[in-house]
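Take a look at the structure below.
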């Protein structure tokens, strides 16, 4: 019987529709869907046993400088009796106590630039490189440091996982108007400065030398780069994560991510009280809590689980590359069966019966979250998104967040009595999100639970401003666009005995007048740039989603405003019917937007900074297999790399 790759699957706890195979060690693993578990039986994991961990500020190396390393670390993600999980984490160089996932939070002030030296320290104490914790598929278009770098290799037989040194390059997601050499370009990676790098391995990516020269030859060197961040945008919550070509899904899943807060001393950047114009009071200090929500899967020993075979996803057993286009290890999406918040599985958090400010990030690889408090007496208002405050506060029952989206929430627990317990639930599907009202929600006993809040007695009055009375800072209108670009989101399929299976997600230019049959021109990562605005141009990008699933689309170096959405004709892919305005909780500056299937989603943005950047889907399995494209603002820069696999420096 054919296996539906969108089917729900989870491991253990009596959850239905599980299908299992034996791995080479005789251990059962769940297969046949995007939700996959390792050997851990999740019914044995106590819910709400660990207290919520709140990331501390990242220690600085100077007044406006950081030195941040990526290193192997062990962390208590699962509650006892399970042991610690081996992860890769960011932390301050020389401060072993600062390493964690999510990493310590970088705190910046609007208008004050900072410099960060990012160090690839994925080595042992003897400076021997560490191979990846997770299975690396070497058949993708990826960094490929041991071959013709930043290319898709060719093979005569199907290879196993890559076991060499791991390249890294960090991207601060949501940073506006950053220079391209500081953006974390996927081909500007570095290997660790290990003593045992194999002969012939490139220590840096194709674009490293060009960006190093463009930076003024600042503090770059073996295993490290130094980036500069302007922090010129409105205050908001960004995040940082690895962005290496073809490895982002694995490096982020291994733990390489953290939060980045931009705050402001300017009263004009802060909300006021509607009616009297005085400065509003928002929950701060212990009342402001960041929540980085991820999904992970584990083995019984507490180690991370990520599939090492395409067969574990949809039962496809080959032929693989080179006999077909199907990669042997890469999976189209990965959804874990354990919900993790701030690095701990199903944690608990004590709150008083008052208002709190929750800064929420969906840091999942592919899972779309629909967050809802189980008790309707908890009141939720959204006041901001990725690019800062909204146009006006929005009262919500459900908070919809695709991977990489953020929500700035005021959550009011004041109607709950001391001793109350309320669960934050996830109603998003255990499958790729389609944006349909009848999608099955996550399994209630596992991925349908995120964390628990426990109400304790109040220690004082709540002096914060009720969200209904907030007058948020105004949002400037963007100029009229000079052009609109029609872009398409597609999925490439391979025939199999069980029907077609996807072998890559991809992006395309699109001519709606020609329709989906003749108007789609597929564009891969290595193809010439097709999106080339001039500095100062305002453009509308129209994402025509011709696939069956929603995609969170992210554009580097800019913040944008959602214009509208329209349905697409099923046959032609042309827009039809009325345009729908953005949801009220999208009515602000964003850097990631949900493009629903069968719709065109239009966003407007202004390109201020010349240089080479990228745009992509932020389902990171898609990003790692061709659903990412470079774009260039302004003319080609003298000295730009012209060929992938240029001489190894």
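Residue numbers (this note's numbering): 5 to 653. Beta carbons are placed, not taken as given, at the ideal position from N, Cα and C, and that holds for glycine. Quick caveat: nothing in here was measured; it's all calculated off a predicted structure.
CA-to-CA distance, residue j to residue i, given in whole angstroms
| i | j | result |
| --- | --- | --- |
| residue 633 | residue 507 | 18 Å |
| residue 127 | residue 617 | 30 Å |
| residue 41 | residue 159 | 30 Å |
| residue 343 | residue 175 | 24 Å |
| residue 183 | residue 528 | 24 Å |
| residue 435 | residue 534 | 32 Å |
| residue 139 | residue 157 | 17 Å |
| residue 151 | residue 168 | 11 Å |
| residue 239 | residue 554 | 28 Å |
| residue 155 | residue 81 | 35 Å |
| residue 398 | residue 364 | 15 Å |
| residue 644 | residue 153 | 16 Å |
| residue 477 | residue 396 | 9 Å |
| residue 518 | residue 559 | 26 Å |
| residue 346 | residue 141 | 28 Å |
| residue 502 | residue 313 | 17 Å |
| residue 654 | residue 286 | Only positions 5 to 653 of the chain appear in this structure, which leaves residue 654 out of reach. |
| residue 32 | residue 207 | Residue placement at residue 32 cannot be trusted, given a pLDDT of 32 that sits under 50; what the coordinates show is reported in the next sentence. So the alpha carbons of these two residues sit roughly 39 Å apart. |
| residue 601 | residue 549 | 5 Å |
| residue 444 | residue 341 | 16 Å |
| residue 144 | residue 311 | 16 Å |
| residue 639 | residue 513 | 20 Å |
| residue 299 | residue 366 | 9 Å |
| residue 603 | residue 490 | 12 Å |
Neighbourhood of residue i by C-beta, 6 Å cutoff - its chain only, sequence neighbours within 5 removed
| i | result |
| --- | --- |
| residue 578 | 516 |
| residue 606 | 544, 546, 567, 568 |
| residue 26 | Only weak support exists for where residue 26 lies, its pLDDT of 35 falling under 50; the coordinates are left without a value. |
| residue 237 | 180 |
| residue 589 | 386, 398 |
| residue 173 | 188, 192, 193, 247, 248 |
| residue 636 | 533, 536, 616 |
Proximity winner among the options, relative to residue i (alpha-carbon distances)
| i | options | result |
| --- | --- | --- |
| residue 165 | 272, 201, 331, 59 | 331 |
| residue 148 | 205, 453, 183 | 205 |
| residue 452 | 198, 88, 201, 297 | 297 |
| residue 106 | 511, 79, 135, 178 | 79 |
| residue 385 | 368, 371, 409, 416 | 416 |
| residue 135 | 143, 144, 145, 124 | 124 |
| residue 320 | 93, 44, 498 | 498 |
| residue 193 | 258, 132, 122 | 122 |
| residue 271 | 114, 315, 300, 328 | 114 |
| residue 496 | 66, 478, 525, 557 | 525 |
| residue 382 | 318, 366, 459, 369 | 459 |
| residue 185 | 163, 195, 197, 213 | 213 |
| residue 504 | 279, 562, 318, 219 | 318 |
| residue 308 | 412, 137, 461 | 137 |
| residue 469 | 482, 359, 418, 448 | 359 |
| residue 51 | 482, 85, 279, 112 | 85 |
| residue 104 | 274, 261, 404, 329 | 261 |
For residue i, the residue or residues it bridges with in DSSP
| i | result |
| --- | --- |
| residue 399 | 385 |
| residue 413 | 362, 386 |
| residue 95 | 73 |
| residue 344 | 298, 349 |
| residue 646 | For residue 646, which the question treats as bridged, DSSP gives no partner whatsoever. |
| residue 225 | 228 |
| residue 394 | In DSSP, residue 394 forms no bridge with anything. |
| residue 121 | 71, 230 |
| residue 377 | 428 |
| residue 545 | 489, 607 |
Cut-off 7 Å between Cβ atoms - residues of its own chain near residue i, not counting five sequence neighbours on either side
| i | result |
| --- | --- |
| residue 276 | 282, 283, 284, 475 |
| residue 99 | 63 |
| residue 485 | 542, 543, 544, 608 |
| residue 427 | 378, 453, 456 |
| residue 53 | 83 |
| residue 585 | 568 |
| residue 76 | 90, 92, 126, 134 |
| residue 224 | 216, 230 |
Own chain partners of residue i with C-beta closer than 8 Å, once the 5 adjacent residues on each side are dropped
| i | result |
| --- | --- |
| residue 68 | 116, 117, 118, 119 |
| residue 161 | 326 |
| residue 88 | 78, 79, 80, 81, 306 |
| residue 267 | 111, 112, 113, 114, 239 |
C-beta neighbour in chain D for residue i, strict 8 Å
| i | result |
| --- | --- |
| residue 126 | As a matter of chain content, chain D is missing from the structure shown, which is built from one protein chain. |
**Item:** Segments assigned beta strand (DSSP E), at least 3 residues, entirely inside the region 227-272
**Value:** 228-233, 240-246, 261-267, all fully within the region 227-272.
**Asked** Of all the alpha helix (DSSP H) runs that stay within the bounds of the region 163-219, which reach a length of 4 or more residues?
**Response** Complete alpha helix (DSSP H) runs here, min 4: 212-218.
**Asked** Mind pulling the alpha helix (DSSP H) runs of 4 or more residues that sit fully within the region 573-642?
**Response** Here the runs fully enclosed are 624-627.
**Request:** Identify every run of the alpha helix (DSSP H) within the region 509-539, keeping only runs that are complete inside it and at least 4 residues long; order them along the chain.
**Result:** List check, alpha helix (DSSP H) in window: 519-522.
**Message:** Runs of 3 residues minimum, wholly inside the region 442-521: which ones carry the beta strand (DSSP E) assignment?
**Reply:** Taking 3 residues as the shortest admissible run, the region 442-521 contains the following complete beta strand (DSSP E) segments, listed from N- to C-terminal end: 453-459, 487-498, 505-514.
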